[in-house]
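Okay, so here's the structure we're looking at.
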Amino acid sequence: MFLFPLVLGVLFLPEANNLKCHECLPAPSGICTEKTAECPSQDYRLVSALNIKRCIMPDRCVENSVNYGTYRVVKNSACCNEDLCNAQIPEYKSAPNGKMCFTCEGENCMKTLNCVGNENYCVKATQGKNVTLKGCASKLICSDQRASRVNQFSAEQISCCQGDYCNSASRAFTYLLLLLVPLLFPALLS
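Here the sequence shown stands for residues -18 to -1, 1 to 172, where the numbers follow mature numbering (1 follows the signal peptide of the UniProt record, and there is no 0).
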């Protein structure tokens, strides 16, 4: 007796629809033919990024960048959760934001770099024993949970700081120089 209402309830429950999205994944040539697709589940969101449109999980919807002066890696995406809402490519933020950091040009790591967009941290990264990279990075690049992803494509060790030019020489070296000044000053007067 109770089984019949249960079966009717299941039959007439509203069906959960997956999102429909514009999908565009570029071929090796860089050319992309856009089509409409359905996301695999309701948990997915729609994303638009430079040259890519597709369904992704919400935790993959991020906006971050790291700028080493000679090159910049940017992930600029915009997510939404309505059918076909990912038609527009997100705006690329490239205006200077006032943050200043050091960058390396060859072995000279005292060149200045104007940070742009959401790059609010200075970064220092090392590759092996001989390569040092300095520049600007967004908060997501510097957070612990994202640092491992950065390491995969750019560096073995990465450290971030928030003050202007805070990615300069090591503090121990600076303190050593300050200790030497009083010792050298009397020698200069004689």
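Don't be surprised by glycine CBs; every beta carbon is placed ideally from N, CA and C. All of these numbers come straight from a predicted model, not from anything done at the bench.
Nearest neighbour of S120 by Cα position, chosen from Q24, V56 and L1, turns out to be V56.
When only Cα atoms are considered, C37 and V98 end up about 28 Å apart.
Per DSSP, L115 is one residue of the beta strand (DSSP E) stretching across V113 to A119. Three or more beta-carbon pairs separated by less than 8 Å link the segment 138 to 151 to the segment 105 to 116, which places the two stretches in contact. DSSP, read as helix, strand or coil, puts C124 in helix. Here the segment 15 to 22 does not lie against the segment 39 to 59, with fewer than 3 beta-carbon pairs under 8 Å apart. Per DSSP, reduced to three states, the secondary structure at P78 is strand.
Your pair A31 and S76 does not check out as a contact, with CB atoms roughly 15 Å apart and the cut at 8 Å. N149 sits close to K116, with the two beta carbons spaced by under 8 Å. Your pair D146 and M82 checks out as a contact, with CB atoms roughly 5 Å apart and the cut at 8 Å. Looking at the DSSP output, L95 shares a beta bridge with C83. Counting along the chain, L28 sits inside the beta strand (DSSP E) bounded by residues R27 to A31.
Taking a contact as a CB-CB distance under 8 Å, the pair L1 and D41 does not count as one, their CB atoms being some 16 Å apart. Beta-carbon to beta-carbon, K35 and E5 are separated by about 6 Å, close enough to satisfy the 8 Å threshold. L7 sits exposed, since fewer than 16 C-beta atoms from the chains shown fall within 10 Å of its C-beta.
When DSSP reads this structure, T18 sits in a beta bridge with H4.
Counting the other Cβ atoms within 10 Å of the Cβ of E101 gives 16 or more, which makes it buried.
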